[in-house]
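Just so you know, the sequences run in chain order A and B. So the first sequence is numbered by my numbering: it starts at 1 and just counts up by one. So the second sequence is numbered by my numbering: it starts at 1001 and just counts up by one. For glycine and all other residues, C-beta sits at the position ideal for the given N, C-alpha and C. Since the structure is predicted, the reported quantities are computational estimates derived from the model, not experimental observations. Before any comments, here is the structure.
There are 2 protein chains.
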Amino acid sequence: MSDVDAIIAANAAFYAAFASGDFAALAGLWADEDTISCIHPGWPAIVGRAAVVGSWREILKNPARPQIVCAEPQAIVAADQARVLCLELVEGTPLAATNYFKRIDGAWRLVHHQSSPIAQFLGETDDPADPGRSVH
Amino acid sequence: MSDVDAIIAANAAFYAAFASGDFAALAGLWADEDTISCIHPGWPAIVGRAAVVGSWREILKNPARPQIVCAEPQAIVAADQARVLCLELVEGTPLAATNYFKRIDGAWRLVHHQSSPIAQFLGETDDPADPGRSVH
């Protein structure tokens, strides 16, 4: 399996663990390091294994959590580190997510996750100067 | 200068270039690689040197762009790659940002930026199970 295939598979396993509510699988995907970090949508950054894994434990406890579908994953690899850019479709609403992985003992483990809402515009545009876009 | 000091300095240079509208300085901080990527607040991901640097060129052209103050930068280093977690205070409103750097020829260059709005709650809480938080 190529690095890219392995990273995309690890990324898919992350969303599969979320979908099935499998906390042990999800926790096992995160690196066992105290520098792991996570920025959930609307949250400030949290850092540290206990804080990050604990946040996912609480989220998975919520039976009303939405389903999330990962779409268009794109892996960018640099040596033993990689990031996956993807869309998260949260009950149809797209978020822009980045999942950072580090190769540890041959396995790609999560070290950072950040998911951001994508603003919806009546007139779709790719023009970054469009005043409908955030100016930063 | 330690790695952490150098990374924090590169991160500060990024925000200084933005504040002064210095496009050349800002463009020079980004790695000269076609895998660089950026998720501006409310945007989908953009990938590639032309797209990412071009987006900053357009943003800097806007004389009405807000001032951004970087606060509480925290560098997490792993070999020749690093991320800085920080707050961006955009005219007082905090965003949660991650800036990824790669050491290239001895200099820390940006390879990814993502900035996310932080939801404001009437009742501040650190409880991730709080229904006021996003469930993911």
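Buried versus exposed, by CB contacts within 10 Å (16 or more), residue i
i	result
Ala10(A)	buried
Lys102(A)	buried
Gly42(A)	buried
Ser1115(B)	buried
Ala1050(B)	exposed
Ser1002(B)	exposed
Ile1059(B)	buried
Ala1096(B)	buried
Ala1129(B)	Note that Ala1129(B) has pLDDT 46, beneath the 50 cutoff, so the model's placement of it is unreliable and no number is given.
Residue span of the alpha helix (DSSP H) that contains residue i, given as start and end
i	result
Glu88(A)	Run containing Glu88(A): none in the alpha helix (DSSP H); it sits in the beta strand (DSSP E), Gln81 to Val90.
Glu1058(B)	Arg1049 to Lys1061
Ile1076(B)	Per DSSP, Ile1076(B) belongs to no alpha helix (DSSP H); it is in the beta strand (DSSP E), Ile1068 to Ala1078.
Ile1007(B)	Asp1003 to Ser1020
Ala1045(B)	Per DSSP, Ala1045(B) belongs to no alpha helix (DSSP H) and is neither H nor E.
Ala27(A)	Phe23 to Leu29
Selected residue, minimal CA-CA separation from residue i, among the options
i	options	result
Pro1094(B)	Arg1103(B), Trp1108(B) and Ile1118(B)	Ile1118(B)
Gly92(A)	Val47(A), Phe18(A) and Gln120(A)	Gln120(A)
Ile1007(B)	Ala1071(B), Val1111(B) and Arg1083(B)	Arg1083(B)
Gly106(A)	Ala17(A), Ile59(A), Cys70(A) and Ala79(A)	Ala79(A)
Ala31(A)	Ala19(A), Ala17(A), Val53(A) and Ala97(A)	Val53(A)
Val1111(B)	Glu1058(B), Ile1046(B), Cys1086(B) and Pro1073(B)	Ile1046(B)
Ile1039(B)	Arg1109(B), Thr1098(B) and Trp1108(B)	Thr1098(B)
Ser1020(B)	Ala1064(B), Asp1034(B) and Thr1035(B)	Ala1064(B)
Residues of its chain near residue i, where Cβ-Cβ distance is below 7 Å and the 5 sequence neighbours each way are ignored
i	result
Val90(A)	Pro66 and Ile68
Ala75(A)	Val4, Ile7, Ile8, Ala82 and Val84
Ser1037(B)	Ala1045, Ile1046, Val1047, Val1052 and His1112
Val77(A)	Asp3, Val4 and Ile7
Ala17(A)	Ala25, Leu26 and Leu29
Asp1034(B)	Gly1048 and Arg1049
Tyr1015(B)	Ile1068 and Cys1070
Ile104(A)	Ala31
Arg109(A)	Leu29, Trp30, Ala31, Phe101 and Lys102
Asn62(A)	none
Terminal residues of the beta strand (DSSP E) in which residue i lies
i	result
Ala97(A)	Thr93 to Ile104
Ala107(A)	Ala107 to Pro117
Ile1036(B)	Neither: Ile1036(B) is in no beta strand (DSSP E) and is coded neither H nor E.
Under 8 Å by beta carbon: chain C residues contacting residue i
i	result
Ser2(A)	The chain labelled as chain C is not found among the protein chains of the depicted structure, namely A and B.
Cβ neighbours of residue i in the same chain (closer than 8 Å, five flanking residues each side left out)
i	result
Ala1013(B)	Ala1025 and Leu1029
Close-in-space but distant-in-sequence residues of the same chain around residue i (CB under 6 Å, 5 per side omitted)
i	result
Ala1071(B)	Leu1087 and Leu1089
Trp1056(B)	Leu1026
Phe1023(B)	Arg1057 and Leu1060
Pro73(A)	Ile8, Asn11, Val84 and Cys86
Tyr1100(B)	Arg1083, Val1111 and His1112
Distance cut-off 7 Å: residue i Cβ against heavy atoms of the ligand MN
i	result
Pro1066(B)	Summarising the ligand content, the structure contains no ligands, and the ligand MN is consequently not present.
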